[in-house]
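In this note's numbering, the protein residues as written are 19 to 475. Beta carbons: idealized from backbone N, C-alpha and C, even for Gly. Working notes, structure below.
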């Protein structure tokens, strides 16, 4: 359900999960004009307050930008130092990547722009921060250009390897979520290349065997290091292909539901069974990419918009929140768990234009039909209990936790007579006696608590 909305045609980046308060950055989209033909550009940061009613999102800060943006990314780099809210990076025309201090934008203070990095020969179409080292930024542009930037030394970017020929645009880059030195890139020709930064060379290349896919986006499996998905922007073949690099001759699964080319995709970091896609058919679909249903299983679908949706993102802090950006001039935030804004809280309709017809205002207004959305078919993984414990007969404690081991731990709980004696002393009525006898003997409690269990079966 829709929970918030911003009237902007903008690229979007969520604040990192390490930030307590959720914010969302919006940068003016490149190569787009509004009705006023304005060429100005801004980078704005909004504060997301889910406790407030209505769709409005308060503006936390804004700064003018010399260039419009093809892509935004927000990193936690510098949070332990001078940049308390991290760094926002924006890829623009003229081969420029601009770095901004998020806290200075939010505080409306000077010096928000940290640096401009110019090394690409054309527009920077895609950027992505390393999930393990937030100071590492990957960027892709024209002529097969891919660079790795270290924000601690941004003047000397490195290339993951020699350019692949024939030269072509890089439409997407993505860091592996399990192996920090592996990065993938994709291009409209349908080729996706894996790069090993330790070897400084490509290690594998995958492509649709029928050459019918023009890749627009790429994303790694959150849990499995050898799996990734690519999305096709071709209207003749709007599919998502799931690849397992151990069997890279053909895709493992193909998701087919969109009617036109796919522009963006995002894999939920907290639940690998949730994959979002946005396409030119004005739809956002949520898939279960691990399902064996032929053609893919759609577990959630957002209401259709009036224009193309060109970006979709998961909120790192709140995985039930997603954002979409569309060419109808709206950045919209949805909750996959329901809720949203009721009908009486929607923005008021604009008054009808003046007319010479005296009966014009008497015409009934068209009534909008309520949009029904289907909830998720199963609870998301972040609802699972991470661990649990229960006492059994004979003083045994049975515990478990969700991990790859799938094991149950059985421990023998041993009664400590000294611990019982100390706890019973707290129940004595004389507070003076407690303060005189309990406090001096307090250091004796720690070794008892440390050794209160013994044996593992």
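For the putative contact between residue 141 and residue 160, defined by C-beta atoms under 8 Å, what is the C-beta separation to the nearest angstrom? Contact holds; Cβ gap of about 7 Å.
Looking at C-alpha atoms only, which residue of 77, 83 and 94 is the closest neighbour of residue 115? Of the listed residues, the one whose Cα sits closest to residue 115 is 83.
Would you mind sorting residue 143 into buried or exposed? The rule is 16 or more other CB atoms within 10 Å of its CB. Residue 143 sits buried, since 16 or more C-beta atoms from the chains shown fall within 10 Å of its C-beta.
Could you tell me the boundaries of the alpha helix (DSSP H) in which residue 217 lies? From DSSP, residue 217 is part of no alpha helix (DSSP H); its letter is neither H nor E.
Quick check on the burial criterion: 16 or more other C-beta atoms within 10 angstroms. Buried or exposed for residue 291? Only buried fits residue 291, as 16 or more other CB atoms lie within 10 angstroms of its CB.
Residue 236 vs residue 204 beta-carbon contact at 8 Å: With a cutoff of 8 Å on beta-carbon distance, residue 236 and residue 204 are scored as near each other.
From what residue to what residue does the alpha helix (DSSP H) around residue 435 run? Secondary structure note for residue 435: its alpha helix (DSSP H) is the uninterrupted segment 435-443.
Can you give me the Cβ contacts of residue 279 inside the same chain, cut-off strictly under 8 Å, excluding the 5 residues immediately before and after it? Excluding sequence neighbours, residue 279 sits near 232, 234, 250, 251, 252, 253, 256, 297 and 298.
DSSP three-state assignment for residue 263, whether helix, strand or coil: It is helical.
Beta-carbon proximity list for residue 427, same chain, < 6 Å, skipping 5 on both sides: Excluding residues up to 5 positions away in sequence, 417 lie with their Cβ nearer than 6 Å to the Cβ of residue 427 in the same chain.
Alpha-carbon spacing of residue 106 relative to residue 432, whole angstroms: Going from the Cα of residue 106 to the Cα of residue 432 covers about 54 Å.
What span of residues does the alpha helix (DSSP H) with residue 124 cover, start to end? Here the alpha helix (DSSP H) through residue 124 covers 120-124.
Return the chain-ordered list of same chain residues with a C-beta closer than 6 Å to the C-beta of residue 31, the five sequence neighbours on each side being excluded. Answer for residue 31: 43, 90, 91 and 92, listed in chain order.
The beta strand (DSSP E) spanning residue 418 covers which residue range? 414-419 is the extent of the beta strand (DSSP E) around residue 418.
Where in the region 238-291 do unbroken runs of the beta strand (DSSP E), each at least 3 residues long, occur, reported from the N-terminal end onward? As far as the region 238-291 is concerned, its whole beta strand (DSSP E) runs of at least 3 residues are 245-250, 257-262, 271-274 and 280-285.
Mind checking residue 100: buried by the 16 CB within 10 Å criterion, or exposed? By the neighbour-count definition (other C-beta atoms within 10 Å, threshold 16), residue 100 is an exposed residue.
Backbone CA spacing between residue 77 and residue 186 [nearest angstrom]: Spanning the two alpha carbons is a distance of roughly 39 Å.
Is the beta carbon of residue 300 less than 8 Å from the beta carbon of residue 340? Against a cut-off of 8 Å, the Cβ pair of residue 340 and residue 300 comes out as no contact.
What's the gap between the Cα of residue 124 and the Cα of residue 48? Roughly 23 Å between the two C-alpha positions.
According to DSSP, residue 302 sits in a beta bridge with which residue or residues? Per DSSP, 296.
Simplified DSSP state of residue 411, which is helix, strand or coil: Looking at residue 411 - three-state DSSP - the assignment turns out to be helix.
Who are the near neighbours of residue 244 in its chain, counting only those whose CB is closer than 7 Å to its CB and skipping five residues on each side? Hits under 7 Å: 262, 263 and 264.
Can you list, in chain order, the residues of its chain whose CB lies under 7 Å from that of residue 22, leaving out five sequence neighbours each side? Around residue 22, the same chain offers 66, 73, 75 and 351 as residues with beta carbons nearer than 7 Å, after the five sequence neighbours per side are excluded.
Residue 179 to residue 131, Cα distance in whole Å? Going from the Cα of residue 179 to the Cα of residue 131 covers about 30 Å.
State the DSSP-derived secondary structure class of residue 22, mapped to helix, strand or coil. In the structure shown, residue 22 sits in a strand (DSSP, three-state: E or B).
Check for me: the beta strand (DSSP E) holding residue 30 runs from which residue to which? That run of the beta strand (DSSP E) goes 28-32.
Within the continuous beta strand (DSSP E) that includes residue 60, where are the two ends? Counting along the chain, the unbroken beta strand (DSSP E) around residue 60 starts and ends at 60-65.
Would you call the CB atoms of residue 46 and residue 28 closer than 8 Å? With a cutoff of 8 Å on beta-carbon distance, residue 46 and residue 28 are scored as near each other.
What are the boundary residues of the beta strand (DSSP E) that includes residue 93? Run containing residue 93: 87-93, per the beta strand (DSSP E) assignment.
Rounded C-beta distance between residue 346 and residue 323? I'm assuming under 8 Å. Indeed, because the Cβ distance is near 6 Å, the residues count as touching under 8 Å.
Report all residues from its chain with a CB closer than 6 Å to the CB of residue 283; omit the five preceding and five following residues, and keep chain order. The residues are 235, 237, 249 and 295.
Any idea if residue 24 is buried or exposed, counting beta-carbon neighbours within 10 angstroms, 16 or more meaning buried? Counting Cβ neighbours within 10 Å, residue 24 comes out buried, since at least 16 surround it.
Neighbourhood of residue 121 by C-beta, 7 Å cutoff - its chain only, sequence neighbours within 5 removed: Shown here for residue 121: same chain residues with a beta carbon closer than 7 Å to its own, the five before and five after excluded, namely 101, 102 and 103 in chain order.
Measure the C-alpha to C-alpha separation of residue 60 and residue 342 and round it to an integer number of angstroms. Rounded to whole angstroms, residue 60 to residue 342 spans 19 Å at the Cα level.
Find the nearest neighbour of residue 213 within the set 225, 200, 88 and 96, judged by alpha-carbon distance. Among 225, 200, 88 and 96, the Cα nearest to that of residue 213 is on 200.
Can you list, in chain order, the residues of its chain whose CB lies under 6 Å from that of residue 335, leaving out five sequence neighbours each side? Correct list, in chain order: 35 and 40.
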